[in-house]
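Chemist: After the structure tokens below, expect a handful of questions from me.
Residue numbers (the numbering used here): 25 to 394.
Below, the structure is given as structure tokens:
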């Protein structure tokens with residue numbers, strides 16, 4: 025097989041055109057599609073374009089692929105424990121001493137979470153559908169290829185279903201179905217919270233169809249604007265109901281709230297939109313993710329986790345975790361998957377950024393490149 029440096033192969037213009045035709049028609053024939061760009065998406069779609077794709081598969085060393093799979097289990101434990109550490113999240117992401125001081129969006133989410141904690145959070149289950157992004161790291165020809173994490177996503181990890189059209193994997197719907205089962209009300213629906221004018225609708229629809237066809241679970245899709253009038257929470261049972269215009273007399277009980285929106289300030293243009301998010305969080309429906317799990321995915325959290333002893337605190341501390349403590353080798357493997365990370369608020373951070381600008385990436389704080 026060609027080396028990484030020799031990939032992808034060179035193509036003539038004629039070969040490139042022929043391969044592009046084959047790839048795009050395959051994508052359109054197999055549901056790898058997007059809605060086209062439009063000022064306002066029509067109520068009933070009548071056209072589609074192919075989703076972004078590569079003409080060639082990317083060569084990926086099998087040992088590093090297997091390493092990424094092993095790492096995922098450790099990352100799952102790590103971020104679950106981070107999300108449940110209120111003191112840590114208050115310090116790193118909170119409005120009083122963390123990111124929320126300087127980022128209004130993060131501060132608003134944290135304030136809603138603090139309010140909910142003071143009230144008493146009804147649902148103790150959280151659902152995390154995570155995506156860990158990696159690049160192959162090749163410092164030079166004399167050093168082996170290694171695996172380095174780009175970022176860890178805890179909300180609205182998209183393209184999973186479209187990727188499944190090629191890979192044949194079904195992890196997302198299985199996770200949602202497991203949360204629905206844990207809620208323990210078979211007739212309840214799963215709520216997809218989506219953005220207005222969503223172009224990546226087919227990625228979401230594949231999940232919806234899989235839930236219906238394999239698990240007999242129905243999905244209802246709503247935007248934050250729609251939820252402002254359709255959603256209600258019973259004061260005693262904390263059950264979340266959605267009332268649809270098509271059936272005002274039969275509100276739907278919701279078992280799981282799956283957020284494909286809510287990760288950017290554009291999703292919360294008014295204080296009422298944050299109130300709607302709080303209403304959903306207040307219910308006993310299982311959230312994917314909960315506010316605290318979303319906050320745990322902040323890029324500042326990733327940077328703080330690189331500080332000495334942090335991984336050991338969350339993974340390996342036998343006094344804290346008892347038999348659930350992980351071996352040091354697991355923490356070492358996670359640490360080895362990271363590049364160096366530094367905060368601009370740290371001592372010398374700005375000076376480092378100026379001096380090494382060509383060799384650094386300025387990471388946005390939020391999901392979705394925000």
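Even for Gly, the Cβ is constructed at its ideal location relative to N, Cα and C.
(1) Find the nearest neighbour of residue 272 within the set 256, 340 and 201, judged by alpha-carbon distance.
(2) Evaluate contact between the stretch 224 to 240 and the stretch 292 to 309, counting only Cβ atoms and requiring at least three cross-stretch pairs below 8 Å.
(3) Quick one: what does DSSP say residue 54 is sitting in, helix, strand or coil?
(4) From residue 162 to residue 90, what distance separates their C-alpha atoms?
(5) Can you tell me where the alpha helix (DSSP H) with residue 228 in it begins and where it stops?
(6) Tell me, to the nearest whole angstrom, how far the beta carbon of residue 312 is from that of residue 203; I am working on the premise that it is less than 8 Å.
(7) When you compare only the Cα positions, how much space is there between residue 122 and residue 32?
(8) Can you check whether the CB of residue 339 is closer than 9 Å to the CB of residue 113?
(9) What distance in whole Å lies between the Cβ atoms of residue 100 and residue 154, which are believed to be in contact at a cut-off of 8 Å?
(10) Less than 9 Å between the C-beta atoms of residue 44 and residue 79, yes or no?
(11) Starting from residue 11, trace the beta strand (DSSP E) both ways and give me its first and last residue.
(12) Using only CA atoms, which one of 132, 111 and 369 lies nearest to residue 119?
(13) For residue 62, which residues from the same chain have a beta carbon less than 8 Å from its beta carbon, with the 5 sequence-adjacent residues on both sides left out?
(14) Could you check the C-alpha separation between residue 216 and residue 314 for me, to the nearest Å?
(15) When we look at the beta-carbon of residue 197 and count the other beta-carbons within 10 Å, is it buried (16 or more) or exposed?
(16) On the criterion of 16 or more Cβ atoms from any shown chain inside 10 Å, does residue 282 qualify as buried, or is it exposed?
(17) Considering just the uninterrupted stretch of the beta strand (DSSP E) at residue 246, what are its terminal residues?
(18) Span of the beta strand (DSSP E) holding residue 267?
(19) How about residue 226 and residue 75: do their beta carbons lie closer than 9 Å?
(20) Quick one: give me the first and last residue of the beta strand (DSSP E) that residue 217 is part of.
(21) Near residue 185, what residues of its chain come up, given a Cβ to Cβ distance below 6 Å and the 5 sequence neighbours on each side ignored?
(22) Does the beta-carbon distance from residue 302 to residue 136 come in below 9 Å?
(23) Taking 9 Å as the threshold (C-beta atoms), are residue 244 and residue 214 in contact?
(24) State buried or exposed for residue 50, treating a residue as buried only when at least 16 other CB atoms are found within 10 Å of its CB.
Modeler: The short version:
(1) As a first step, residue 272 must be located in the chain shown, where it is residue number 248. Of the candidates 256, 340 and 201, the one whose C-alpha sits nearest the C-alpha of residue 272 is 256.
(2) no
(3) Here residue 54 corresponds to residue number 30 of the chain shown, with the count starting at 1. In the structure shown, residue 54 sits in coil (DSSP, three-state: anything other than H, G, I, E or B).
(4) Translated into the one-based positions of the chain shown, residue 162 becomes position 138. Translated into the one-based positions of the chain shown, residue 90 becomes position 66. Roughly 18 Å separates the two Cα atoms.
(5) On the chain shown, position 204 is the one that residue 228 refers to. Looking at the DSSP string, the run of the alpha helix (DSSP H) that includes residue 228 is 225 to 239.
(6) As a working note, residue 312 is residue 288 in the chain shown. As a working note, residue 203 is residue 179 in the chain shown. Sure, about 7 Å apart at Cβ, within 8 Å.
(7) Within the chain shown, numbered from 1, the residue matching residue 122 stands at position 98. Within the chain shown, numbered from 1, the residue matching residue 32 stands at position 8. Those two C-alpha atoms are separated by around 44 Å.
(8) One-based indexing of the chain shown puts residue 113 at position 89. One-based indexing of the chain shown puts residue 339 at position 315. No, they are not a contact pair.
(9) What you label residue 154 is simply residue 130 of the chain shown in a count that begins at 1. What you label residue 100 is simply residue 76 of the chain shown in a count that begins at 1. The Cβ separation is near 6 Å, so the contact holds.
(10) Residue 44 sits at position 20 when you count from the first residue of the chain shown. Residue 79 sits at position 55 when you count from the first residue of the chain shown. Yes, these two residues count as a Cβ contact at 9 Å.
(11) With the chain running from 25 to 394 in the structure shown, residue 11 is simply not present.
(12) Taking the chain shown and counting its residues from 1, one reaches residue 119 at position 95. Checking every option, the nearest Cα to that of residue 119 belongs to 132.
(13) Translated into positions along the chain shown, residue 62 becomes position 38. 221, listed in sequence order.
(14) One-based indexing of the chain shown puts residue 216 at position 192. One-based indexing of the chain shown puts residue 314 at position 290. Cα to Cα, the separation comes out at about 14 Å.
(15) Taking the first residue of the chain shown as position 1, residue 197 is located at position 173. Flag for residue 197 reads buried.
(16) Residue numbering aside, residue 282 sits at position 258 when the chain shown is read from its first letter. So residue 282 ends up on the buried side.
(17) One-based indexing of the chain shown puts residue 246 at position 222. From DSSP, the beta strand (DSSP E) with residue 246 extends over 243 to 246.
(18) Within the chain shown, residue 267 is the residue found at index 243, counting from 1. Element bounds for residue 267: 264 to 268.
(19) Against the chain shown, residue 226 aligns to sequence position 202. Against the chain shown, residue 75 aligns to sequence position 51. Yes. Within cutoff.
(20) Walking along the chain shown from the start, residue 217 turns up at place 193. 213 to 217 is the span of the beta strand (DSSP E), which, as asked, contains residue 217.
(21) Locating residue 185 in the chain shown gives position 161, counting from the first residue. With a pLDDT of only 48 at residue 185, under the threshold of 50, the placement of this residue in the model should not be trusted, and no figure is reported.
(22) Looking up residue 302 in the chain shown gives position 278. Looking up residue 136 in the chain shown gives position 112. Contact flag set, yes.
(23) Against the chain shown, residue 214 aligns to sequence position 190. Against the chain shown, residue 244 aligns to sequence position 220. Yes, they are a contact pair.
(24) Translated into positions along the chain shown, residue 50 becomes position 26. Exposed, since its Cβ has fewer than 16 Cβ neighbours within 10 Å.
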